[in-house]
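S.K.: Shown below is the structure under consideration.
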Amino acid sequence: VFFALTLTATGVSQTSGLAPDFSKAKVSAASIFSILDRRSQIDPSDEGRIRLPYVKGDIEFQHVSFKYPTRPNMQIFTDLSLIIASGK
Numbered sequence: 001v002f003f004a005l006t007l008t009a010t011g012v013s014q015t016s017g018l019a020p021d022f023s024k025a026k027v028s029a030a031s032i033f034s035i036l037d038r039r040s041q042i043d044p045s046d047e048g049r050i051r052l053p054y055v056k057g058d059i060e061f062q063h064v065s066f067k068y069p070t071r072p073n074m075q076i077f078t079d080l081s082l083i084i085a086s087g088k
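Once you know that position 24 of the sequence shown is 24 in UniProt numbering, the rest is easy, because the numbers rise by one and skip nothing.
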């Protein structure tokens with residue numbers, strides 16, 4: 001009986017050390033599911049959208065700076081210039 005109680009106490013003490021990690025994992029999972037449940041503000045079935053004819057050419061960005069509206073203090077791009085050649 002003493003051996004069984006000792007093993008049980010050891011198991012409980014080792015498992016209780018994982019409680020903070022379990023709590024963090026639960027919060028992270030809730031955050032991920034809230035992102036997955038978001039609805040797009042763009043309606044893909046909207047027939048009023050503009051359709052471009054077949055377009056071929058390079059894509060070029062010059063001096064682009066960008067911040068997400070939800071994180072205005074975090075600069076993502078600062079003065080980014082990028083050329084993407086056609087077919088790449």
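Yeah, the Cβ is synthetic: ideal placement off N, Cα and C, and Gly gets one too.
Does DSSP put Leu-80 in a helix, a strand or coil?
M.R.: strand
S.K.: My output table needs one value for Val-27: the three-state DSSP class, helix, strand or coil.
M.R.: helix
S.K.: Select from Asp-58, Ile-32, Ile-42 and Pro-72 the residue whose C-alpha is nearest the C-alpha of Lys-88.
M.R.: Asp-58 is the residue among Asp-58, Ile-32, Ile-42 and Pro-72 whose C-alpha sits nearest the C-alpha of Lys-88.
S.K.: What does DSSP give as the partner residues of Glu-60 in its beta bridges?
M.R.: Ile-83
S.K.: In terms of DSSP beta bridges, what is Phe-66 paired with?
M.R.: In the DSSP assignment, Phe-66 forms a beta bridge with Phe-77.
S.K.: Taking the alpha carbon of Phe-77 as the reference point, which residue from Phe-66, Lys-56 and Ile-83 has its own alpha carbon closest?
M.R.: Ranking Phe-66, Lys-56 and Ile-83 by Cα distance to Phe-77 puts Phe-66 first.
S.K.: Step through the CB atoms of chain C and report whether any lies within less than 8 Å of the CB of Gly-17.
M.R.: No chain C appears in this structure, which consists of one protein chain only.
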